[in-house]
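Enquirer: Have a look at the structure that comes next, please.
Protein chains: 4
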Amino acid sequence: MLSLNSHPSGRHFLQIPGPTNVPDRVLRAIDQPTIDHRGPEFGALGRAVLEGAKHVFQTQAPVVIFPSSGTGAWEAALVNTLSPGDRVLMVETGHFASLWKKLAGRLGLDVDYIEGDWRHPVDAAVIGARLAEDTQHRIKAVCVVHNETSTGVTSNIAAVRAAIDRAAHPALLMVDTISSLGSIDYRHDEWGVDVTVAGSQKGLMLPPGLAFNAVSARALAAADTAKLPRSYWDWREMLTANAKGYFPYTPSTNLLYGLHEALAMLQAEGLPRVFARHERHARATRLAVAGWGLELLSLDASAHSPALTAVLLPEGHSADALRKVILDRFDMSLGQGLGKLTDRIFRIGHLGHFNDLTLCGTLAGVEMGLAAAGVPHRTGGLQAAMEFLARTPEGAAA
Amino acid sequence: MLSLNSHPSGRHFLQIPGPTNVPDRVLRAIDQPTIDHRGPEFGALGRAVLEGAKHVFQTQAPVVIFPSSGTGAWEAALVNTLSPGDRVLMVETGHFASLWKKLAGRLGLDVDYIEGDWRHPVDAAVIGARLAEDTQHRIKAVCVVHNETSTGVTSNIAAVRAAIDRAAHPALLMVDTISSLGSIDYRHDEWGVDVTVAGSQKGLMLPPGLAFNAVSARALAAADTAKLPRSYWDWREMLTANAKGYFPYTPSTNLLYGLHEALAMLQAEGLPRVFARHERHARATRLAVAGWGLELLSLDASAHSPALTAVLLPEGHSADALRKVILDRFDMSLGQGLGKLTDRIFRIGHLGHFNDLTLCGTLAGVEMGLAAAGVPHRTGGLQAAMEFLARTPEGAAA
Amino acid sequence: MLSLNSHPSGRHFLQIPGPTNVPDRVLRAIDQPTIDHRGPEFGALGRAVLEGAKHVFQTQAPVVIFPSSGTGAWEAALVNTLSPGDRVLMVETGHFASLWKKLAGRLGLDVDYIEGDWRHPVDAAVIGARLAEDTQHRIKAVCVVHNETSTGVTSNIAAVRAAIDRAAHPALLMVDTISSLGSIDYRHDEWGVDVTVAGSQKGLMLPPGLAFNAVSARALAAADTAKLPRSYWDWREMLTANAKGYFPYTPSTNLLYGLHEALAMLQAEGLPRVFARHERHARATRLAVAGWGLELLSLDASAHSPALTAVLLPEGHSADALRKVILDRFDMSLGQGLGKLTDRIFRIGHLGHFNDLTLCGTLAGVEMGLAAAGVPHRTGGLQAAMEFLARTPEGAAA
Amino acid sequence: MLSLNSHPSGRHFLQIPGPTNVPDRVLRAIDQPTIDHRGPEFGALGRAVLEGAKHVFQTQAPVVIFPSSGTGAWEAALVNTLSPGDRVLMVETGHFASLWKKLAGRLGLDVDYIEGDWRHPVDAAVIGARLAEDTQHRIKAVCVVHNETSTGVTSNIAAVRAAIDRAAHPALLMVDTISSLGSIDYRHDEWGVDVTVAGSQKGLMLPPGLAFNAVSARALAAADTAKLPRSYWDWREMLTANAKGYFPYTPSTNLLYGLHEALAMLQAEGLPRVFARHERHARATRLAVAGWGLELLSLDASAHSPALTAVLLPEGHSADALRKVILDRFDMSLGQGLGKLTDRIFRIGHLGHFNDLTLCGTLAGVEMGLAAAGVPHRTGGLQAAMEFLARTPEGAAA
């Protein structure tokens, strides 16, 4: 078997903002014999996960599950609802928003792109203004990223919904929740989202390989007239087969075992408690960053992500060199800067299957890495985080 | 954890023609912690599986690995090489050929479909004739299924290649090897195939969730001019990232662990021995069918599949009722009849991680099931298979 | 990782009469992180398995669990209840009875040994006669093997109990159920057994490494006066710690996880159904042996074991040569002849996690092996077994 | 499956001084199908682990492996070499030394017990003096604990050897290395140890369930005349069977798979590096304890254990209350005070499969726990440990 860790001893700290640490329970669930995807046992599994997934999206609408990465769910959202040349309004929150935009362009869509500085959330007022100007309703969809994984900035989806409503604009609302679902409060139904895009490898605590679309009735209606060619991603055959717990092509059976287990774990913990746990760990992390005297990438205090924290390095210091020291010396993987942030930031993932002491180990690795790499900083960051964690038990008001 | 088997004791016999029985070694490999898909350990894994996969396709050309089902690899083959309205020549070998045709139609391709009776392989002469008629080279691709999983009929790809060559036609050759790769001799390079389509859950002995395209230089060149919209399936970003062992979006890390292990197992056994093992088990199975006095679906003796055997029920008897008796009484899953063969046939998978005694248990289940379900037959089918297996050791000339 | 199977493909058939095939559910349960054996989670686990184990022994008495092989449980039974020089009455049912006798001798006990021919069960009348002669009650214990794993002969424990009672003799009754517990009806309380000896690796479907003593009140009282030196095996500290779910020294935590799962599986199937399943498979096996024209080792039809079947080879043929052919050609392990039966018999295990098709594969392996090894036999053994299995569903009266 | 952790999220910190955190590689190795313990694959496994184990004991002598807890290996050491009434010299280093003494007494040995305060290592001079007084050589064995798990004090075995040699006394030297083997430099041959006692669940990184005796030629000779009754623990049949890789009774097959993997991991890291890693983590831990202003139980700086650290609570504070807060709030198990140290100390295990960040998480849990439980202390303990770890890379001179 391929040796997966160059460190001789101890458990790797996987603190990128996804894929996250997969719980042993989930890995063991995946490690069961594959079954007949057309047999009765599979049907029961299929019905259970299709129904259970709705809970995490806080929806009554159908949730479609693809054997694909999250990128596939981006594509699925667009090809099911739009036609070549359709205009979509997208917002540059960071690297992943820019990738989604690039994908839309490749599919032949006409992207109206609201530029951003990668340090702020979506500005709902700007969206509202664009929609108000669009009196002919050429914009068919508004696409935003709930939690921008490349920057650690979370946008207010309810505000986006309100802006669309105020403009009385018929555009569909599509939201990428790849790094927020199961970590940050997200309400598909309440916020009137038409297509929610998600993946398995973040808050859902699974390995990568499953992607999701939660689909509103309006989105489903749009699928009947949308003209972008599609087959693999088509919702309609999927939903027909899903009705009995099956899939139109071979699903990723073993990852569905894992999904079943992960949904049970989230249900047992309870979503409010899950969200509070992420908030608490994010706050502790930001206290550590402040303690080190380093700068958060996120500039809007109301938009700091509960799932990950991006940290800017002092001018003239290489984030990638720091990450390499931390990986080599302390066996921890941190997220790199992507796109225009390459080498400028590192990202600490504190989402998914996680707890206080793993967070402390993580912050210790950063603090020792800063010292080992010669990055100017103050000590005491972890100390500040610990004081917060010790005096603020889980479940207490943060 | 969801209980996956309604039978209280013993191991389920998964004898559908895929997904196949996943070896414990592969399941345990998958059951390892997910790692950073951008870190150095991942790069080593990625390079190893991308290189190792070539061996199974018998190619020096690049092999692209998608996180998707095999259906995705069908779509990828088409969208990377073709433009809207392009004509493709397809051959109706059975249900899966018809699904691929349907998919092509949805993508806006113009399918020239050579009809078939689902009991014979591809007739290379007919392909040759169509191409010869196509003097303006409007046909851009010839798409055939190597081993039709719905019928147990294997087609001669070398003959198709020869027919194309004789016609001196520039059409690309695309071959679906979903249920042949790793089970039946298949030679991407020698047979001049441009795109080979494959999946993880058959001869590769993995759970479903990975799909493959082996891509010739001509196919890659076609990708530069092909105009079907594509992003997720695009080979070009994939190959750029693959050069260093990485992927342009999050790959299905844990299934890649399994792929690494499965490739090692195939390499250790040796492809010639793997192919001979499948041939031998298929022959034993046909001896059993003959012993029972039942009819093979496959009518051309030179095209009987080494990977699965489809058996017709006597008129007036329900194959699905038989399969239900066998599942309920003997805890074995057999393949159902698909499309127009629904309820008329059952399919015995004898591919992947398999051996003589599991085959005997499988054939015993069929023979006892025929008795229990009241299907007219002779006893002695398994006996005939056993006599063949006993006097023909693995490795002896079959 | 050490490669554990020289065969390149397919699942090994482990058809020795133990260790038996461990269900995937049990292996996965064992594959969980080890926990603090003094913490609250462990206490809950300990209480659950200590209580659950009683059900399988059909007792209300305490069941002691040792981290050891079954041999340790033999030793524990004796050292807890007896003093140096004590006389014990033992019965030569086969190799394992002779090993237990040897062990008793090493501990300084005086063994009164009723000889046997290894082809018959315990004769309760002979035991009764010996006890009747022992008017001074020098015999302190009667030790018998319920199911002699070396011969496939099962003895009637209720009859032994009745013989002791008729003799009005105070000797303790100790019974080895290593290869019967969880496979053959066994009633610690109803049959008035004082110490039941068992192991994990047969009907309990676990890997080897746990051993058991079910202990009656009389046996426990004997422990207070018994003078054989003991510490590791001492019941008293064990029972004190067990009261709260803990153990006096570090228990085999991960095997206890497996025990928890295995007990749940046995409970779900239901003991009566488990026993009937074993009876049915044993009967099918004997029909196969008769079909081959071979001789059962067991000569008393009322004592044929439901758990395994020992088969004599025709004079002049080597059972070990046959087993080697079967292992090399068909990847199946069968039990060897032990002690004076070396090379004369082979033993087919049909106990534990098992079902009809695995039995058929097993019998196919024997039948093909007989042919391949040139052992004179008739074909049709498996055919006879299959006819029985097909017409006698599980749950029907056998 | 029983839920093993009351905490809803994240990985439990198992920081008792054993059982230690079992590496995933080892758990997965154990999670393989059980094989025939009399077949050829098993023989290869048996030979590999019996040979490989010698390396960890730094011996050429045979190593016997029992399916038992470490307590069994204590008993095995004594019953194989001694006769009833034999005198043994034992040293009260702590709770485990006192348990071994109790065990010896139960076996009928005459223990000459050198008392101790549980805060110092073995005093070799006192042993030497006792032996010098024993001119009639009534003392048959000297039994010491290398690393006293209950106190975190390590004794100098070379010094004990030298004292015996100086006294020219023929007593056997027996050493308990249960919590040192594979963590602290230990040399069975060089130090002239006759019987080394060990277990699987500490530095060997396995679950509990295997125990070891490394046996010198003198010890083996003693076994021929020793008169304590024994059977399960008898070395002689064991060594006879071991010669070909087998065992006289069913071994704990699946734990042996794990042993094979664990030995490969230790060999790959290299024993000197393993020992240095433990020393470094112990030093960091002591810096943290000093930083908190708490008192080490160990009073002799040259005897501080590299494997665990025992910390005294300020008078009037309950260690068990602290441990409960830490378990409930931070999901970490720490070792409790045993025997007369109950509720007075807690023990931090930093042995086995371990690394810097897990140590930091561990120390963070202690520091936050001290705060949460209201135990008087200074902050900054972890900070001191981190500064040491950051400036002292693994492999640098500590």
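Chains as they are written, first to last, in the working numbering: chain A, 1 to 398; chain B, 1001 to 1398; chain C, 2001 to 2398; chain D, 3001 to 3398.
Built from N, CA and C at the ideal position, the CB exists for glycine as well.
Any C-beta of chain C within less than 8 angstroms: which residues of the stretch 30 to 49 of chain A qualify?
Expert: 31, 32 and 33
Enquirer: Just tell me which of A:341, A:289, A:225 and A:375 has its CA closest to the CA of residue 348 of chain A.
Expert: On the first sequence, residue 348 of chain A is found 348 positions in, with the first residue counted as 1. Relative to residue 348 of chain A, the option among A:341, A:289, A:225 and A:375 whose CA is nearest is A:289.
Enquirer: Can you pull the chain B neighbours of residue 2383 of chain C, defined as C-beta to C-beta under 8 angstroms?
Expert: The residue labelled residue 2383 of chain C in the question sits at position 383 within the third sequence. Contact annotation for residue 2383 of chain C against chain B: 1379, 1380, 1382 and 1383 [CB-CB distance below 8 angstroms, chain order].
Enquirer: For the stretch 1207 to 1222 of chain B against the stretch 1073 to 1081 of chain B, do three or more pairs of beta-carbon atoms, one drawn from each stretch, fall closer than 8 angstroms, so that the two count as touching?
Expert: They touch, by the three-pair rule.
Enquirer: Between the stretch 3155 to 3173 of chain D and the stretch 3109 to 3127 of chain D, can you find at least three pairs of beta-carbon atoms closer than 8 angstroms?
Expert: Taking 8 angstroms as the limit for Cβ pairs, the verdict is that the stretch 3155 to 3173 of chain D does touch the stretch 3109 to 3127 of chain D.
Enquirer: Roughly how many angstroms separate the alpha carbons of residue 397 of chain A and residue 101 of chain A, rounded to a whole number?
Expert: Residue mapping note: residue 397 of chain A aligns to position 397 of the first sequence, counting from 1. Residue mapping note: residue 101 of chain A aligns to position 101 of the first sequence, counting from 1. Low per-residue confidence applies at residue 397 of chain A: pLDDT is 48, beneath 50, and the placement is therefore not dependable, though the value from the model is reported in the following sentence. Taking the straight line from one Cα to the other gives about 38 angstroms.
Enquirer: Residue 2028 of chain C touches chain A at which residues, Cβ-Cβ below 9 angstroms?
Expert: For the purposes of this step, residue 2028 of chain C is identified with residue 28 of the third sequence, where counting begins at 1. 28, 29, 31 and 32, listed in chain order.
Enquirer: What does DSSP give as the partner residue(s) for residue 3335 of chain D in the beta ladder?
Expert: Locating residue 3335 of chain D in the fourth sequence gives position 335, counting from the first residue. DSSP lists D:3347 as partners of residue 3335 of chain D.
Enquirer: Could you tell me which of D:3376, D:3359, D:3356 and D:3045 sits nearest to residue 3316 of chain D, measuring between CA atoms?
Expert: One-based indexing of the fourth sequence puts residue 3316 of chain D at position 316. Considering only alpha carbons, the answer is D:3376.
Enquirer: Would residue 3143 of chain D count as contacting chain A if we go by Cβ distances under 8 angstroms?
Expert: For the purposes of this step, residue 3143 of chain D is taken as residue 143 along the fourth sequence, with counting starting at 1. Output row for residue 3143 of chain D: interface = no.
Enquirer: Alpha helix (DSSP H) containing residue 3270 of chain D: first to last residue?
Expert: Position 270 of the fourth sequence holds residue 3270 of chain D. Looking at the DSSP string, residue 3270 of chain D is not in any alpha helix (DSSP H), and its letter there is neither H nor E.
Enquirer: What is the rounded straight-line gap between the Cα of residue 378 of chain A and the Cα of residue 365 of chain A?
Expert: Counted from its first residue, the first sequence places residue 378 of chain A at position 378. Counted from its first residue, the first sequence places residue 365 of chain A at position 365. About 14 angstroms.
Enquirer: If we ignore side chains and look at the alpha-carbon of each, how far apart do residue 2272 of chain C and residue 2260 of chain C end up?
Expert: Position 272 of the third sequence, counted from the start, is the residue given in the question as residue 2272 of chain C. Position 260 of the third sequence, counted from the start, is the residue given in the question as residue 2260 of chain C. Taking the straight line joining both Cα atoms gives about 20 angstroms.
Enquirer: Is residue 2285 of chain C close to chain B, meaning its C-beta is less than 8 angstroms from at least one C-beta of that chain?
Expert: Stepping through the third sequence from its first residue, residue 2285 of chain C is reached at position 285. Chain B, which has no Cβ nearer than 8 angstroms to the Cβ of residue 2285 of chain C, makes this no.
Enquirer: Identify which residue in D:3086, D:3346, D:3095 and D:3053 has its Cα closest to the Cα of residue 3111 of chain D.
Expert: Within the fourth sequence, the letter at position 111 stands for residue 3111 of chain D. The shortest Cα separation from residue 3111 of chain D among D:3086, D:3346, D:3095 and D:3053 belongs to D:3086.
Enquirer: Pull out every residue of the stretch 3334 to 3365 of chain D whose Cβ sits closer than 8 angstroms to any Cβ of chain B, in chain order.
Expert: none
Enquirer: Whole angstroms are fine: how far does the CA of residue 59 of chain A sit from the CA of residue 3034 of chain D?
Expert: Residue mapping note: residue 3034 of chain D aligns to position 34 of the fourth sequence, counting from 1. Residue mapping note: residue 59 of chain A aligns to position 59 of the first sequence, counting from 1. Straight-line Cα distance between these residues: approximately 46 angstroms.
Enquirer: By how many angstroms is the C-alpha of residue 1283 of chain B removed from the C-alpha of residue 1393 of chain B?
Expert: For the purposes of this step, residue 1393 of chain B is taken as residue 393 along the second sequence, with counting starting at 1. For the purposes of this step, residue 1283 of chain B is taken as residue 283 along the second sequence, with counting starting at 1. Rounded to the nearest angstrom, the two C-alpha atoms are 13 angstroms apart.
Enquirer: In whole angstroms, what separates the C-alpha of residue 2106 of chain C from that of residue 2070 of chain C?
Expert: As a working note, residue 2106 of chain C is residue 106 in the third sequence. As a working note, residue 2070 of chain C is residue 70 in the third sequence. Rounded to the nearest angstrom, the gap between the Cα atoms of residue 2106 of chain C and residue 2070 of chain C is 17 angstroms.
Enquirer: Measuring alpha carbon to alpha carbon, tell me which residue in B:1028, B:1116, B:1281 and B:1338 is nearest residue 24 of chain A.
Expert: As a position in the first sequence, residue 24 of chain A is number 24, starting the count at 1. Looking at the Cα atoms, B:1028 is the closest of the given residues.
Enquirer: Do residue 2331 of chain C and residue 2010 of chain C come within 8 angstroms of each other at the CB atom, strictly closer than that value?
Expert: The count along the third sequence starts at 1 and reaches residue 2010 of chain C at position 10. The count along the third sequence starts at 1 and reaches residue 2331 of chain C at position 331. Cβ distance < 8 angstroms, so residue 2010 of chain C and residue 2331 of chain C count as in contact.
Enquirer: Within a Cβ cutoff of 6 angstroms, which residues of the same chain sit near residue 1303 of chain B, ignoring the five residues on either side of it in sequence?
Expert: Position 303 of the second sequence, counting from 1, holds the residue named residue 1303 of chain B. So the list reads 1121, 1153 and 1154, once near-sequence residues are dropped.
Enquirer: Quick check on the DSSP output: the alpha helix (DSSP H) that includes residue 40 of chain A runs from which residue to which?
Expert: As a position in the first sequence, residue 40 of chain A is number 40, starting the count at 1. From DSSP, the alpha helix (DSSP H) with residue 40 of chain A extends over 40 to 57.
Enquirer: Okay, do the stretch 1139 to 1146 of chain B and the stretch 1089 to 1096 of chain B touch, 3+ Cβ pairs below 8 angstroms being the bar?
Expert: The stretch 1139 to 1146 of chain B vs the stretch 1089 to 1096 of chain B: in contact.
Enquirer: With a 10 Å radius around its C-beta and 16 neighbouring C-beta atoms as the bar for buried, classify residue 2293 of chain C as buried or exposed.
Expert: As a position in the third sequence, residue 2293 of chain C is number 293, starting the count at 1. By the neighbour-count criterion, in which a residue is buried when 16 or more other Cβ atoms sit within 10 angstroms of its Cβ, residue 2293 of chain C is exposed.
Enquirer: From residue 133 of chain A to residue 225 of chain A, what does the alpha carbon distance come to, in whole angstroms?
Expert: By one-based count along the first sequence, residue 133 of chain A stands at place 133. By one-based count along the first sequence, residue 225 of chain A stands at place 225. Their backbone Cα atoms lie some 25 angstroms apart in a straight line.
Enquirer: So which of B:1178, B:1183, B:1176 and B:1190 has the shortest CA-CA distance to residue 1161 of chain B?
Expert: Here residue 1161 of chain B refers to the residue found at position 161 when the second sequence is read from its first residue. Out of B:1178, B:1183, B:1176 and B:1190, B:1190 has the C-alpha closest to the C-alpha of residue 1161 of chain B.
Enquirer: Among D:3227, D:3130 and D:3026, which has the Cα closest to the Cα of residue 3109 of chain D?
Expert: Within the fourth sequence, the letter at position 109 stands for residue 3109 of chain D. The candidate whose alpha carbon is nearest that of residue 3109 of chain D is D:3227.
Enquirer: Note down, in chain order, every chain D residue with its Cβ under 8 angstroms from the Cβ of residue 331 of chain A.
Expert: One-based indexing of the first sequence puts residue 331 of chain A at position 331. Going along chain D in sequence order, the residues near residue 331 of chain A (Cβ under 8 angstroms) are 3355, 3356 and 3357.
Enquirer: Report the rounded CA-to-CA distance for residue 3355 of chain D versus residue 3280 of chain D, giving the unit in angstroms.
Expert: By one-based count along the fourth sequence, residue 3355 of chain D stands at place 355. By one-based count along the fourth sequence, residue 3280 of chain D stands at place 280. Those two C-alpha atoms are separated by around 10 angstroms.
Enquirer: Return the residue from the list D:3250, D:3200 and D:3345 that minimises the CA-CA distance to residue 3072 of chain D.
Expert: Sequence index remark: in the fourth sequence, residue 3072 of chain D carries index 72 (1-based). The option with the nearest alpha carbon to residue 3072 of chain D is D:3200.
Enquirer: By Cβ distance, which residues of its chain are closer than 7 angstroms to residue 323 of chain A, with the 5 residues on each side in sequence left out?
Expert: Within the first sequence, numbered from 1, the residue matching residue 323 of chain A stands at position 323. Around residue 323 of chain A, the same chain offers 334, 336 and 346 as residues with beta carbons nearer than 7 angstroms, after the five sequence neighbours per side are excluded.
Enquirer: Can you tell me whether residue 32 of chain A is buried or exposed? The criterion is at least 16 other CB atoms within 10 Å of its CB, across all chains shown.
Expert: If you number the first sequence from 1, residue 32 of chain A lands on position 32. Classification for residue 32 of chain A: buried.
Enquirer: Let me know the secondary structure DSSP gives residue 3315 of chain D once reduced to three states.
Expert: Locating residue 3315 of chain D in the fourth sequence gives position 315, where the first residue counts as 1. Coil.
Enquirer: In chain A, which residues lie with their C-beta within 7 angstroms of the C-beta of residue 1231 of chain B?
Expert: Walking along the second sequence from the start, residue 1231 of chain B turns up at place 231. From the beta-carbon of residue 1231 of chain B, the residues of chain A found nearer than 7 angstroms are 75, 103, 106 and 107.
Enquirer: On the DSSP bridge assignment, give the partners of residue 3249 of chain D in chain order.
Expert: Here residue 3249 of chain D corresponds to residue number 249 of the fourth sequence, with the count starting at 1. Beta bridge pairing from DSSP links residue 3249 of chain D with no other residue.
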